[in-house]
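Input: a single structure, listed below in C-alpha cells.
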Amino acid sequence: MPSDLAALRGEPSYVWREGQERRLAMLARHARLDGALVLEAGGGIGMYASQIARRYTARVALFDIEEARIHQARHETPLSAVAAAEALPYPDQTFDTILSHEVIEHVQDDRLALREMARVLKAGGRAVIFCPNRWYPFETHGHYWRGRYHFGNTPLINYLPDALRNRLAPHVRAYTRRSLLALLDGLPLRLIHHERIYGGYDNLIVRLGAPARRLRDALYRLEGTPFDAWGLSHLLVVERT
38 MPSDLAALRG EPSYVWREGQ ERRLAMLARH ARLDGALVLE AGGGIGMYAS
88 QIARRYTARV ALFDIEEARI HQARHETPLS AVAAAEALPY PDQTFDTILS
138 HEVIEHVQDD RLALREMARV LKAGGRAVIF CPNRWYPFET HGHYWRGRYH
188 FGNTPLINYL PDALRNRLAP HVRAYTRRSL LALLDGLPLR LIHHERIYGG
238 YDNLIVRLGA PARRLRDALY RLEGTPFDAW GLSHLLVVER T
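Per the numbering used here, residue 38 is the first one in the sequence shown, and the count goes up by one each step.
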C-alpha cells in the first residue's frame, strides 16, 4: 500500500531485491565506492546507503527531506541529515560519489538540485543519477483526476502534450534525453555516460514467476539498442570538472 507521502515524495525502496541489486552494480561500475566518501541524495530510509556501507570500504552519508525517513535511516547510516536537495548542508567538494536514485523528479527545483550536487562533489568525483524516462509507456507515480490522487501505474500519460500531462501528473517530472542533459548546462559537470534502462519488475515476478522473469530478461537485452527508448529510467553519470 502507498504511504501518505506517495504523491508528494514517491516511495523509497523498502526491500532489497534483484532490481536494486542490479542498480547498485551499475553504481559500482561507474563510480568509486571503495575508500570513498559517498552521499545518497534523497535516500529515503537508506536502503542503498546501508548496502554500500556493508559491501565497500566507504563512508556513507545520506539526506532526505522527510524527518521520519531519516529517523529510520539513522539505524544503519548514522551520517543522515534532514535536508532539501536544493540546499545541502555540506561544504564544497566533500564527496567522491553521489547516488541520486529516482529523486530529482520530485524536488521543487531540479536544476538547483543538480547545481548543489556539483558543488559538493570533489573534482573528479562522480554523480550517478537515475530518473524517469518520459517515453516509458506508464507513469509509475500515479496521477490526479478531479482533485484526487490515484496511486499506481497509469498508461500513456507521459505521451500527452505538457499542458495535459502536467495536469494529470503535476507532482512528478519525467525526462527526455534532451531535457535531462539540458539540466547540466552551465554546471561544472562532464557527461561520462547516459543510457536508458528497464526496471527490475520484482513485484511482477513475485506474482507471476518465471514468465515475468523471462519478459524482464528480454527487455534487458533491448538496452543499448534503439528499443531502449521505452526504458523505465535514465542512467546518467556525470563527473565534476
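For glycine and all other residues, C-beta sits at the position ideal for the given N, C-alpha and C.
On a predicted model such as this, the values are computed, not experimentally measured, just so you know.
Phe188 carries a coil assignment under DSSP once its states are collapsed to helix, strand and coil. Per DSSP, Ala78 is one residue of the beta strand (DSSP E) stretching across 74–78. When only Cα atoms are considered, Trp172 and Ile102 end up about 28 angstroms apart. Using a Cβ distance threshold of 8 angstroms, Gly79 and Ala122 count as a contacting pair. Straight across, the Cα-Cα distance linking Leu256 with Val144 is about 29 angstroms. Taking every protein chain shown into account, the CB of Gly246 has fewer than 16 other CB atoms within 10 angstroms, so this residue is exposed. According to the DSSP assignment, Gly179 belongs to no alpha helix (DSSP H), since it is labelled neither H nor E.
Taking the CA atoms as reference points, Tyr238 sits about 11 angstroms from Arg251. Counting only residues of its own chain and dropping the five nearest sequence neighbours on each side, Glu260 has a CB closer than 8 angstroms to the CB of Glu232, Arg233, Ile234, Tyr235, Gly268. Separation of Leu220 and Arg148 (C-alpha to C-alpha, rounded to the nearest whole angstrom) is 6 angstroms. Rounded to the nearest angstrom, the gap between the Cα atoms of Gly56 and Arg185 is 30 angstroms. For Ile135, the enclosing beta strand (DSSP E) has its first and last residue at 132–138.
Taking each of Leu193, Glu153, Thr114, Ser87 in turn and checking the Cα distance to Thr131, the smallest one comes out for Glu153. With distances taken between CA atoms, Gly72 lies nearest to Tyr93 out of Tyr93, Asp265, Phe167.
Judged by their CB atoms, Ala211 and Glu142 are nearer to each other than the 8 angstroms cut-off.
From the listed residues Gly81, Ala98, Pro198, Asp254, the smallest Cα separation to Glu139 is found for Gly81. In the three-state reduction of the DSSP assignment, Arg244 falls in the helix class, which pools H, G and I.
Here DSSP, grouped into helix, strand and coil, assigns Ser50 to coil.
If you check the CB distance, Thr114 and Leu136 do not come in under 8 angstroms. Annotation: the continuous beta strand (DSSP E) that includes Leu228 extends over 226–234. Leu272 is positioned such that its CB atom lies closer than 8 angstroms to that of Met63. Secondary structure note for Gly161: its beta strand (DSSP E) is the uninterrupted segment 158–169.
Going by C-alpha positions, Leu241 is about 6 angstroms away from Ala249.
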